[in-house]
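Have a look at the structure below, then the notes.
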Amino acid sequence: MHLLKRMGALALAAALCLNLAACGAASSSAASSAAASSQAVASSAAASEAAGITLTDQAGRTVTLEQPAESIVSCYYISTYATIALGLKDKIVGLENKADTRALYALAAPELPQLTQVGTLKELNVEAVAALEPDLVIMPQKLIDNAQTLEDLGITVIIVNPETQEGLETMLTLIGEACGASDQAQALIDYNHTQLERAAEMTADLEKPSVCLLGNSSYLSVAPAAMYQNDLIEQAGGVNAAASIEEDYWADVSYETLLALAPEVLVIPSAASYTAEDVMKDPQLADLPAVQNGAVYTMPQGLDEWDSPTPSGILGVLWLTSVLHPEAYPFEEFTADAQAFYQTFYGFTPDSSLITK
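Positions -21 to -1, 1 to 336 (mature numbering (1 follows the signal peptide of the UniProt record, and there is no 0)) are the ones given, in order, by the sequence shown.
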């Protein structure tokens, strides 16, 4: 009934616009165009509201919501990061396990770790999700087997797969459309594109040092060409020393292989279980160019993961650009850019002491 009333009101508004356009035809063609535009907007709004929101998620599933979601369960930290960045943190009613270990939540949304935690990438607590009665569940590809169970309970699910830059942007668009935050999603995507173009311009005519981006569990693990981290290195004006390794995921290597790769720079991810000092003091790496040059850097550890396809992953590109090419992009300038990013998309300004190398 309310929908019919709203549609009636919109139709009346459209009719009034047409009458005004007719009465003012002699005044100007611009007035007629404005009236016609108003009619189109009113008709489109009524049709959209009647039809709901229909999306195709990243698993190719067609998903329909009657209206933008007001309550959300996010089952994956990357989708939770995205939901916060799109200004939707107040709509989150449940999220993935170990939320209290995420530094970003403490800074941007300290209330989130107090919410119901619904599982991991290996196992989802379907009962806990259902008990929250959310309008929308955002679920990673790895948990897709749970989607039908929830939909049989009348709970809408979208599957996301942000494993590449393109996948990240698609996820942002999906969440924005499903939750009425399309403008914010587009703003974040546009920011990413602008900064990638900026990094390319800053490094276009510079020498490109060879880089190994190391794994979390061991510094005898490197990112090959097939991984997101390869793109990060190249976008920052470097060359992936491990690009020749034919693996789809982190590649375990021997000391001999790492020495043969001879990277000029080593990058340690923020979640690593070892330190730059561990690498520098390993006698078996004494002849590695990066060690000899003291060029072993650790991504900042007090914010979030910049070496992954997260909303702030663009900062990983900018950070590494500054590390590799400080003459073109001083670290102080990068620090200011990173602070502005978090203020714009997460609502807080990190202390400069958190932005390290």
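Glycine included, every Cβ here is placed at the ideal spot set by N, Cα and C. All figures in this text were calculated on a predicted structure; none of them were measured in a lab.
Quiz item: Thinking C-beta only, is L238 closer than 8 Å to L267?
Solution: yes
Exercise. Look up P203 in the DSSP assignment and say whether it is helix, strand or coil.
Key: coil
Exercise. If I'm right that P288 touches P141 with Cβ under 8 Å, what's the distance once you round it to whole angstroms?
Key: 5 Å
Quiz item: Cα separation between A319 and L115?
Solution: 30 Å
Quiz item: When burial is assigned at 16 or more other CB atoms within 10 Å of the CB, is Y234 buried or exposed?
Solution: exposed
Practice problem: Note down the Cα distance separating K101 from D124, rounded to an integer number of angstroms. | Solution: 11 Å
Quiz item: According to the neighbour-count rule (16 or more other Cβ atoms, all chains shown, within 10 Å of its Cβ), is F324 buried or exposed?
Solution: buried
Quiz item: Quick one: what does DSSP say A87 is sitting in, helix, strand or coil?
Solution: helix
Quiz item: So, is H172 buried or exposed, given that buried needs 16 or more other C-beta atoms within 10 angstroms?
Solution: exposed
Quiz item: For the 8 Å Cβ check, are there 3 or more pairs between the region 279 to 296 and the region 48 to 65?
Solution: yes
Quiz item: Are the beta-carbon atoms of L83 and D283 separated by less than 8 Å?
Solution: yes
Exercise. Name the one or two DSSP bridge partners that T135 has.
Key: L115
Quiz item: Can P47 and G159 be called in contact, C-beta distance under 8 Å?
Solution: yes
Practice problem: Output the residue ranges of the alpha helix (DSSP H) runs that lie fully inside the region 166 to 204 and measure 4 residues or longer, sorted by chain position. | Solution: none
Quiz item: How is N209 classed by DSSP in three states: helix, strand or coil?
Solution: helix
Quiz item: Considering only residues of the same chain and omitting the five flanking positions on each side of A29, which have a CB-CB separation below 6 Å?
Solution: With a pLDDT of 46 at A29, under the threshold of 50, the modelled position of this residue cannot be trusted; read the value that follows with caution. None.
Self-check item: Inside the region 50 to 103 only - alpha helix (DSSP H) runs reaching at least 4 residues
Solution: 56 to 64, 82 to 87
Quiz prompt | Other residues of its chain near D257: CB distance less than 8 Å, five sequence neighbours each side excluded | solution = Y198
Practice problem: Could you tell me the distance, in whole angstroms, from the CA atom of E213 to the CA atom of L44? | Solution: 39 Å
Quiz item: DSSP three-state call for V232: helix, strand or coil?
Solution: coil
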